[in-house]
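Residue numbers (my numbering), protein chains in the order written: chain A, 1 to 234; chain B, 1001 to 1211.
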Amino acid sequence: MADEDDDLILADLPDEELVPQMHDDLYDGLRDEVVESVEILLARGWEPYRVLTEALVAGMTIVGKDFRDGILFVPEVLLAANAMKAGMAILKPLLAETGAPKMGKMVIGTVKGDIHDIGKNLVSMMMEGAGFEVVDLGINTDVDRYLGALETEQPDILGMSALLTTTMPYMKIVIDTMAERGIRDDYIVLVGGAPLNEEFGRAIGADAYCRDAAVAVETAKAFVARKHNRMLAS
Amino acid sequence: MIPPGDHALTENGLAPDGTGRVLVIGCGALAHEILALKRANGWDHLDLACLPAIWHNHPERIAPGIRAAVAQHRAGYATILVAYADCGTGGGLARACAELGVEMIAGPHCYAFFDGVDAFAARQDELTAFYLTDFLARQFDAFVWRPLGLDRHPDLVASYFGNYRRLIYLAQTDDPALDATARACAARLGLDYERRLTGYGDLAGFLSARG
Chain A
1 MADEDDDLIL
11 ADLPDEELVP
21 QMHDDLYDGL
31 RDEVVESVEI
41 LLARGWEPYR
51 VLTEALVAGM
61 TIVGKDFRDG
71 ILFVPEVLLA
81 ANAMKAGMAI
91 LKPLLAETGA
101 PKMGKMVIGT
111 VKGDIHDIGK
121 NLVSMMMEGA
131 GFEVVDLGIN
141 TDVDRYLGAL
151 ETEQPDILGM
161 SALLTTTMPY
171 MKIVIDTMAE
181 RGIRDDYIVL
191 VGGAPLNEEF
201 GRAIGADAYC
211 RDAAVAVETA
221 KAFVARKHNR
231 MLAS
Chain B
1001 MIPPGDHALT
1011 ENGLAPDGTG
1021 RVLVIGCGAL
1031 AHEILALKRA
1041 NGWDHLDLAC
1051 LPAIWHNHPE
1061 RIAPGIRAAV
1071 AQHRAGYATI
1081 LVAYADCGTG
1091 GGLARACAEL
1101 GVEMIAGPHC
1111 YAFFDGVDAF
1121 AARQDELTAF
1131 YLTDFLARQF
1141 DAFVWRPLGL
1151 DRHPDLVASY
1161 FGNYRRLIYL
1171 AQTDDPALDA
1181 TARACAARLG
1191 LDYERRLTGY
1201 GDLAGFLSAR
1211 G
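Next up, the structure:
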């Protein structure tokens, strides 16, 4: 995709060409170009939220679909994610200043005994891109840290991630502890990670298993909407 | 039986000789070690078949592969042993072996049974350790570097290994050249290096007790 655009002057492109170009640059993991384009759009008076959704999130959604379809693989997704992260770093403080729709709040972490965070970081980033506030507990998160964060942050969603078959059973310990304390139904519990599947998610008592970051966002939106509807109804 | 080269073990595995009353069906990454034990102990009754070692990176293929291999070879042997630990199958291989009536090695993976499953479980400070065995040290590019795209994007090392601190080479053989290879692998990943001579660990006991 990049060869023909080697001499492209991004600032010369009108908006309707620059945004698709940003999608291409995200797809190709071109961090510097994505950053430059974000700055160009902001300088042209675009609202930060519009840059986020129409340029970055839309571009990353294409990446996510092609990953799901086996067209892109983890290295390419990582490069694209790093490019999006760089763009978001510019937008984040501006989003806080200008105000953006708030979809809900999520506490997320990789479970105890597991230090793998690529998937978890991708989910965090896409959730933030979708308007969720994300509190990331990092890696090797034990049940006390999860429950402490639920208490202090009062999120809508708890997200747990694991890459190892040896660590994924820990998710059940967290959910069981939530149930023992009578708080399980206060939160939407989403789980994900390469060795998991829907059957495992159901078996441990999660609300949903999310196979990738895009599914996590859609699932989170659906559950939060349902929660709000229930609250309105009652 | 002479083991084929590492590339063949990685991609194709190993066909059995068809001799002996006990067939071990194992991971191609264990072929050299199992055949070394066979030679050292004079286990002429033991034959070896291996599934492709690269399934280390595709654990979902292991249990179906074992089912197929057991079905293929069952009639020719009095006993079949499975030289795999759980290896990322999430209990799937244990369920398959129980249904098939064959025994497998205890433990989560080969790192654990080379180290000794009990000793490995007792190590509390290795959460951030990345392990190599003799085979994986020799085949580092095929199992780690290329599958993660680091040959094309070496700058992604931090994304993959940023939470790791140490590469521990679990050495089955005392080989200075392999020690140097493993040390170089650690350097490529930006990790500290440690070598631990394990020998064959629980693998020897598993085969001798059941062979």
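For every residue, glycine included, the Cβ atom is placed at its ideal position computed from N, Cα and C.
Computed from a predicted structure; not experimentally measured.
field: Beta-carbon contacts of residue 1088/B that lie in its chain and below 6 angstroms, excluding the five residues immediately before and after
entry: 1059
task: Report yes if the CB atom of residue 1009/B is closer than 9 angstroms to the CB atom of residue 1016/B, and no otherwise.
output: no
message: Could you tell me the alpha carbon to alpha carbon distance between residue 1091/B and residue 97/A, rounded to whole angstroms?
response: 50 angstroms
message: On the DSSP letters alone, give me the boundaries of the beta strand (DSSP E) that residue 1111/B sits inside.
response: From DSSP, residue 1111/B is part of no beta strand (DSSP E) but of the alpha helix (DSSP H) over 1110 to 1115.
Host beta strand (DSSP E) of residue 111/A (start-end): Element bounds for residue 111/A: n/a, residue is neither H nor E.
- request: Starting from residue 201/A, trace the beta strand (DSSP E) both ways and give me its first and last residue.
  value: Segment 198 to 204 is the alpha helix (DSSP H) holding residue 201/A; no beta strand (DSSP E) there.
Chain B contact residues for residue 74/A, given Cβ-Cβ distances below 8 angstroms: 1148, 1149
- prompt: Listed from N- to C-terminal order along the chain, which residues in the stretch 1086 to 1116 of chain B have their beta-carbon within a distance smaller than 8 angstroms of any beta-carbon of chain A?
  reply: 1086, 1088, 1089, 1090, 1091, 1108
- prompt: Whose Cβ in chain A lies nearer than 8 angstroms to the Cβ of residue 1057/B?
  reply: Residues of chain A passing the Cβ test: none, with the nearest at roughly 11 angstroms.
- prompt: Got a sec: which bits of the stretch 144 to 164 of chain A sit with their beta carbon under 9 angstroms from any beta carbon on chain B, in order along the chain?
  reply: 164
- request: Take the Cβ of residue 73/A as the centre, count every other Cβ of all protein chains shown within 10 Å, and call the residue buried at 16 or more, exposed below.
  value: exposed
N- and C-terminal bounds of the beta strand (DSSP E) containing residue 134/A: 132 to 136
message: To the nearest angstrom, how far is the alpha carbon of residue 139/A from that of residue 119/A?
response: 11 angstroms
query: Do residue 123/A and residue 213/A have their CB atoms nearer than 9 angstroms?
result: yes
Distance, residue 30/A Cα to residue 60/A Cα: 12 angstroms
- prompt: Thinking C-beta only, is residue 1207/B closer than 9 angstroms to residue 1083/B?
  reply: yes
message: Let's test the definition: count the other Cβ atoms within 10 Å of the Cβ of residue 1007/B and tell me whether it reaches 16, buried, or not, exposed.
response: exposed
query: Would residue 1107/B pass as a contact of residue 1044/B if the rule is Cβ separation under 9 angstroms?
result: no
query: Which class does residue 1165/B belong to by DSSP, given the choice of helix, strand or coil?
result: coil
- prompt: How about residue 141/A: is its C-beta nearer than 9 angstroms to some C-beta of chain B?
  reply: no
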